[in-house]
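Enquirer:
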Amino acid sequence: MRFLRCLIVSVIFTITAPAIGGTETSPLSLIGESSQFVELDPKRIARNTRFYDRRNQQTSITTYRGKVVLVNFWASWCLPCMAEMPSLDQLAYDHSNDDLVIIPVSIDEDGLLAAIPFYRRLGLENLDLFVDPNGETAYSNRDNPKNAEFALYGLPITYALDRDGRILGYVTGLVDWQSDNAADFIDRLLEPAK
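Residue numbers for the sequence shown, in mature numbering (1 follows the signal peptide of the UniProt record, and there is no 0): -21 to -1, 1 to 173.
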């Protein structure tokens, strides 16, 4: 009941905010299976975060400046990740010709040895493959000994970055990237900056 009240208030606010004179855009909204998108405030620019591609070559998140970026952290042993990846693969296909870049990063300790068979098993053909086997990019340990950029509050977890490299927020858990809600979220991310 409390959730329903919050949802109704949120909808009313979203509808009436422009009429009240608010010039700010409404918050980004994305509902996953077990959580919703959490906007970060303040938004910070992602550092020169490094991870490795399928050829085991080091790459950086700064390579993608000028594009809208979804950084998705997953693992081959994670059942919700297994359920989410096909819809993320389709999202990559659907947006292959625009400014959306999807960076799926495996946190498996076995790196490519775990990630490549996972991709083959699920028939993923449109997603690039990246790994972070040493925890240089993402961390789950509160101490964050390697000063990694992205916190893992659960798996899968997807961070959204704008064209300037600002980390806008994240959603934890399984997301149906083919849902209308996800399509609206992506459209909002791809809107030209005002």
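Note that the Cβ used here is the ideal one computed from N, Cα and C, for glycine as well. Please read all numbers here as calculations on a predicted model, not as lab measurements.
#1: What three-state label does DSSP hand threonine 2 in the structure shown?
#2: What span of residues does the alpha helix (DSSP H) with aspartate 163 cover, start to end?
#3: What are the start and end residues of each continuous alpha helix (DSSP H) run of 4 or more residues lying completely inside the segment 33 to 73, in chain order?
#4: For a test of the three-state rule: what should DSSP assign to isoleucine 86, helix, strand or coil?
#5: By a C-beta neighbour count over all protein chains shown, 10 Å radius and 16 as the cutoff for buried, is aspartate 159 buried or exposed?
#6: What residues in its chain sit with their C-beta under 7 Å from that of glycine -1, if we drop five residues either side in the sequence?
#7: Apart from the five residues just before and just after arginine 23, which ones in its own chain have a Cβ nearer than 8 Å to its Cβ?
#8: Assuming contact is defined by CB atoms lying nearer than 8 Å, are valine 80 and valine 110 in contact in what I supplied?
#9: Taking the beta carbon of isoleucine 165 as the centre, do at least 16 other beta carbons fall within 10 Å, making it buried, or is it exposed?
#10: Exposed or buried, what is asparagine 120 when buried is set at 16 or more other beta-carbons lying within 10 Å of its beta-carbon?
#11: Rounded to whole angstroms, what's the CA-CA distance from cysteine 57 to leucine 134? Just pull it up for me.
#12: Could you say if the segment 89 to 102 and the segment 26 to 44 meet the contact criterion of at least three C-beta pairs nearer than 8 Å?
#13: Mark glutamate 128 as exposed unless 16 or more other C-beta atoms lie within 10 angstroms of its C-beta, in which case mark it buried.
#14: DSSP three-state call for alanine 127: helix, strand or coil?
#15: Have a look at the DSSP bridge pairing and note the partners of glutamate 18.
Expert: Judging by the given coordinates:
#1: Stepping through the sequence shown from its first residue, residue 2 is reached at position 23. Its pLDDT being 40, under 50, threonine 2 is placed unreliably by the model, and nothing is read from it.
#2: Taking the sequence shown and counting its residues from 1, the one referred to as residue 163 is at position 184. In the DSSP annotation of this structure, the continuous segment of the alpha helix (DSSP H) that includes aspartate 163 starts and ends at 159 to 169.
#3: Runs of the alpha helix (DSSP H) spanning 4 or more residues and lying entirely within the segment 33 to 73 occur at 58 to 73, in chain order.
#4: Position 107 of the sequence shown, counting from 1, holds the residue named residue 86. Isoleucine 86 falls in the coil class under three-state DSSP.
#5: By 1-based counting over the sequence shown, the position of residue 159 is 180. It is exposed - the Cβ of aspartate 159 has fewer than 16 other Cβ atoms within 10 Å.
#6: Along the sequence shown, one-based indexing puts residue -1 at 21. Legend: pLDDT at glycine -1 = 39, less than 50; position of this residue unreliable, no value from coordinates given.
#7: As a position in the sequence shown, residue 23 is number 44, starting the count at 1. Closer than 8 Å at the Cβ level, and outside the excluded window around arginine 23, lie Arg145 and Ile146.
#8: Here residue 80 is taken as the residue at index 101 of the sequence shown, counted from 1. Here residue 110 is taken as the residue at index 131 of the sequence shown, counted from 1. Contact: no.
#9: The residue you call residue 165 lines up with position 186 of the sequence shown. Its Cβ being crowded by 16 or more others within 10 Å, isoleucine 165 is buried.
#10: Numbered from its first residue, the sequence shown carries residue 120 at position 141. It counts as exposed.
#11: As a first step, residue 57 must be located in the sequence shown, where it is residue number 78. As a first step, residue 134 must be located in the sequence shown, where it is residue number 155. Rounded to whole angstroms, the separation of the alpha carbons of leucine 134 and cysteine 57 is 7 Å.
#12: yes
#13: Taking the sequence shown and counting its residues from 1, the one referred to as residue 128 is at position 149. Glutamate 128 is buried by the Cβ-count criterion.
#14: Working through the sequence shown from its first residue, we reach residue 127 at position 148. Coil at alanine 127, not helix or strand.
#15: The sequence position of residue 18 within the sequence shown is 39, counting from 1. Gly148.
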